[in-house]
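Chains as they are written, first to last, in my numbering: chain A, 1 to 198; chain B, 1001 to 1198; chain C, 2001 to 2198; chain D, 3001 to 3198.
One structure below.
There are 4 protein chains.
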Amino acid sequence: MAVETHERRRGAPRNEAARLAILRATASLFATRGYDHLTIEGIAAEAGVAKQTIYRWWPSRSALVAEALIEGLLLTGPFDLPDTGDIRADLVAWLEGLFVFLDDPRNNALICSLVAAAAENPEIGLRLNDALGATTLLAERLDAAVAADDLWRDTPVQEIGDAVLGVLVVRALQRTPADPGLPARLVRVLLRDPAGPR
Amino acid sequence: MAVETHERRRGAPRNEAARLAILRATASLFATRGYDHLTIEGIAAEAGVAKQTIYRWWPSRSALVAEALIEGLLLTGPFDLPDTGDIRADLVAWLEGLFVFLDDPRNNALICSLVAAAAENPEIGLRLNDALGATTLLAERLDAAVAADDLWRDTPVQEIGDAVLGVLVVRALQRTPADPGLPARLVRVLLRDPAGPR
Amino acid sequence: MAVETHERRRGAPRNEAARLAILRATASLFATRGYDHLTIEGIAAEAGVAKQTIYRWWPSRSALVAEALIEGLLLTGPFDLPDTGDIRADLVAWLEGLFVFLDDPRNNALICSLVAAAAENPEIGLRLNDALGATTLLAERLDAAVAADDLWRDTPVQEIGDAVLGVLVVRALQRTPADPGLPARLVRVLLRDPAGPR
Amino acid sequence: MAVETHERRRGAPRNEAARLAILRATASLFATRGYDHLTIEGIAAEAGVAKQTIYRWWPSRSALVAEALIEGLLLTGPFDLPDTGDIRADLVAWLEGLFVFLDDPRNNALICSLVAAAAENPEIGLRLNDALGATTLLAERLDAAVAADDLWRDTPVQEIGDAVLGVLVVRALQRTPADPGLPARLVRVLLRDPAGPR
DNA sequence: GGCTAATCGAGACGGTACGTCCCGTCTTTAG
DNA sequence: CTAAAGACGGGACGTACCGTCTCGATTAGCC
């Protein structure tokens, strides 16, 4: 019978309060100052912690950001994806919400900072989908729509998710405000209705 | 007309050799060391130039990168977009080339560095399209295809370009190698053939 | 004709005010806190100077102390060596002054700190003689006394100086207060009068 | 009558093996790395002991050195003081041995390290005499010589010992190699023969 | 030709953050 | 109660760059 022997190490165990304080300080400073300007010393000071305690558990600044992102401390999402039965209308509404979010320069800067962090740490790139809901919410909804025959059977759900996230990232990097028709046009491209106009 | 308004100042004129040496040093160090690790002092040393000469003409590190990008010193492209008459096949071939490019970790790192620089400087984000050919090449080709009735009249060319660039960026940030079918699936999503299977 | 071409280096010249502020801060902190507890960061802060400015010109903490010692910022001396014609009486008086100086714990600590610094940096050891006057004052006086036939012709002046300094150092390290007869006994040993008692 | 007053505490008794390992590690690291560079963590690692075990029994780094010195782990002496009947010749020979010892830079560094430790801890200063034999050996010999009427009755034995030790310390701090005549000149100063030349 | 103004190299400077080392204390498991 | 293990807050280390500045040297236009 597989007893969990769990060979307990000697010495004081890791201080969970310190870990949380560090991640929270990371999130707070990341949001207010951006990824550049985010310093280990600043985090340590904000968290009331010695620098070495950070270096003991995280190999880099970007790893801190990745963990804070995973813990949901960086992006408050999810951005609700409505379910009215019309998959295209729902998607347009969801994208409109995202573009409104991006219109606030502070949010735009937040996304840019996340992208900068992702450029240093692949894990952040991988988690960006989840964090913005492009994977969890969108993929589930698309899968359901495919199952309900609202979309073609061979719809490449993964690629659509990447494209949505990609457009968001690219527009965030360009700091161009979205024009009102953008969400609809995007949906028209990504979920082209076969009965649509030639 | 066209009077030489350029009111000639007194004193020594700007040293073009220094300007070029600086941009070349920027490009070289950017390619080898990445955007983080790119330092003004390093560029000055590599270019055999005083720091002040850099600060005199560029406001920031990212401005240097932007100018080097514009001058075509960072990305050797363009990645040729073939023209066989079949817009979808051409696009698939072009994307395959880009994903092969991204499969080399050094190129992937280069793109990530560019994205990191873009996160600091919107101009770099705007130039990324051009640099990767997503605007110039792709948009022209799509416009031509629309004109030739190979694509719907209302095809949102701009959005497709953003989506293509976005997918490339997102996959670069995730460092995931592309599977062989990806280019075809992407083209199927973005340029859905209305005569395709339901 | 030997013109002093004095090949002038380019770049800003060394800031003499900063140099002095650093040495003065060194002296001040050395006197108040002791050699251990003397930190580069503390000196930089006290002098209102960047750390790098210190590291640019001095290789180590002990080099700072050595230069401060040479500049006469550490020991206020000289401890006057009286000249009444009686070399032995003069020496006794001088030593009494030195032992009174050592009786103050702060002065004792100062000497111990200097010895600690000398243990790291030979130059400090070499300058200790001068700083305490054991070389300049004492040696001159002894030489004069030899010339005046008040001491044997073969009196090893250098060794007497070392012995005097050595006794002071050893007693400082032991923190033993000097008993009143010590100076006289020392002089009796070092400048034994041939007509003295057997 | 020798009652065992040593009120036996509860719990595990002090681990003598650990104590010895710590002192031996102290001595080893002190000899190889010097007093600065001697760290509690280094000693603990070398001795295979927890830091707390050191802090439980010794108040400071210098106390460790003091105890290692007392246990004879730091200086291998004694440097034999020959006894040929001629006190002056014996002393010259003994001093020559000491200066030869000091001529090896590693020994010189060892003495400097001891002096640095003494600057922090008076006890080490007090033990230095014993350790170098300046007290035990020299003082006994001088006392015997006085008793045998080879030296004046009022010879200040203590001061001569301090002077010898002092000269050694000062020359060690100056890192000046001794010239061949130094021991003889020192003995001439310290044990001046009244029948000597004027 | 002298004057003024700008550029350029070199590099000193005050400052910030880096990542590492070690301090002395505390907390846990083991004996 | 001792001991090994090791986490912790703290402080200083020596280094790397930042962006600004002060130099001497050079190169133009202007009187």
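Ideal Cβ positions, reconstructed from N, Cα and C, are used throughout, including at glycine.
Quick caveat, the model's predicted, so the values are computed rather than measured.
Chain-ordered chain C contacts of residue i [CB-CB under 7 Å]
| i | result |
| --- | --- |
| Ile-3160 of chain D | Val-2189 |
Amino acids of chain A, ordered along the chain, whose beta-carbon sits closer than 8 Å to that of residue i
| i | result |
| --- | --- |
| Asp-1036 of chain B | Glu-120 |
| Val-1167 of chain B | Glu-159, Asp-162, Ala-163 and Gly-166 |
| Ala-1047 of chain B | Here the premise fails: no neighbours, minimum Cβ distance about 24 Å. |
| Ala-1116 of chain B | Val-115, Ala-116, Ala-119 and Glu-120 |
Proximal residues of chain A, C-beta to C-beta of residue i below 9 Å
| i | result |
| --- | --- |
| Ser-1113 of chain B | Ala-119 |
Residue-chain proximity (residue i, chain C), Cβ-Cβ < 8 Å
| i | result |
| --- | --- |
| Gln-3052 of chain D | no |
| Ala-3131 of chain D | no |
CB contact check: residue i to chain D, cutoff 8 Å
| i | result |
| --- | --- |
| Leu-2126 of chain C | yes |
| Arg-2010 of chain C | no |
| Ala-2144 of chain C | no |
Partner residues on chain D for residue i, Cβ-Cβ distance less than 9 Å
| i | result |
| --- | --- |
| Ala-2089 of chain C | By Cβ distance, chain D contributes nothing, its closest Cβ being about 18 Å from Ala-2089 of chain C, past 9 Å. |
Closer than 8 Å to chain A by CB, residue i
| i | result |
| --- | --- |
| Val-1092 of chain B | no |
| Val-1065 of chain B | no |
| Arg-1198 of chain B | Reliability of the predicted coordinates at Arg-1198 of chain B is poor, the pLDDT of 37 falling under 50, and no value is obtained from them. |
| Thr-1084 of chain B | no |
Chain B contact for residue i (CB, 8 Å cutoff)
| i | result |
| --- | --- |
| Leu-173 of chain A | yes |
| Val-100 of chain A | no |
| Val-170 of chain A | yes |
| Pro-180 of chain A | no |
Under 8 Å from the C-beta of residue i: neighbouring residues of chain B
| i | result |
| --- | --- |
| Pro-156 of chain A | Arg-1185, Leu-1186, Arg-1188 and Val-1189 |
Contacts of residue i in chain B (Cβ-Cβ under 7 Å)
| i | result |
| --- | --- |
| Arg-192 of chain A | Arg-1192 |
Closer than 7 Å at the beta carbon, the chain A residues around residue i
| i | result |
| --- | --- |
| Ala-1068 of chain B | None at all; the shortest Cβ gap to chain A is about 17 Å. |
Taking 8 Å as the threshold, find out whether the region 3080-3093 of chain D comes into contact with the region 2078-2090 of chain C through three or more Cβ pairs. no
I'd like to know if the region 2115-2134 of chain C and the region 3097-3116 of chain D are in contact, where contact means that at least 3 CB-CB pairs between them fall below 8 Å. yes
Would you be able to state if there are at least three C-beta pairs under 8 Å between the region 134-149 of chain A and the region 1156-1164 of chain B? no
For the region 94-151 of chain A, which segments carrying the alpha helix (DSSP H) assignment without a break, of at least 4 residues, lie completely within its bounds, in sequence order? Fully enclosed alpha helix (DSSP H) runs of 4 or longer: 105-120, 122-132 and 136-147.
Can you list, in chain order, the stretches of the alpha helix (DSSP H) that have 4 or more residues and sit fully within the region 2148-2193 of chain C? List check, alpha helix (DSSP H) in window: 2157-2174 and 2182-2190.
Alpha helix (DSSP H) runs contained entirely in the region 2016-2063 of chain C, provided each spans 4 or more residues: 2016-2033, 2040-2047 and 2051-2057
Whether or not the region 1164-1181 of chain B and the region 1095-1110 of chain B are in contact is what I'm after, with contact meaning three or more pairs of Cβ atoms, one per stretch, closer than 8 Å; do they touch? yes
With three or more C-beta pairs closer than 8 Å as the rule, is the region 3063-3078 of chain D touching the region 3024-3040 of chain D? yes
Between the region 2160-2167 of chain C and the region 2131-2144 of chain C, do at least 3 Cβ pairs fall closer than 8 Å? yes
Are there three or more Cβ pairs, one per stretch, closer than 8 Å when the region 183-194 of chain A is compared with the region 118-134 of chain A? no
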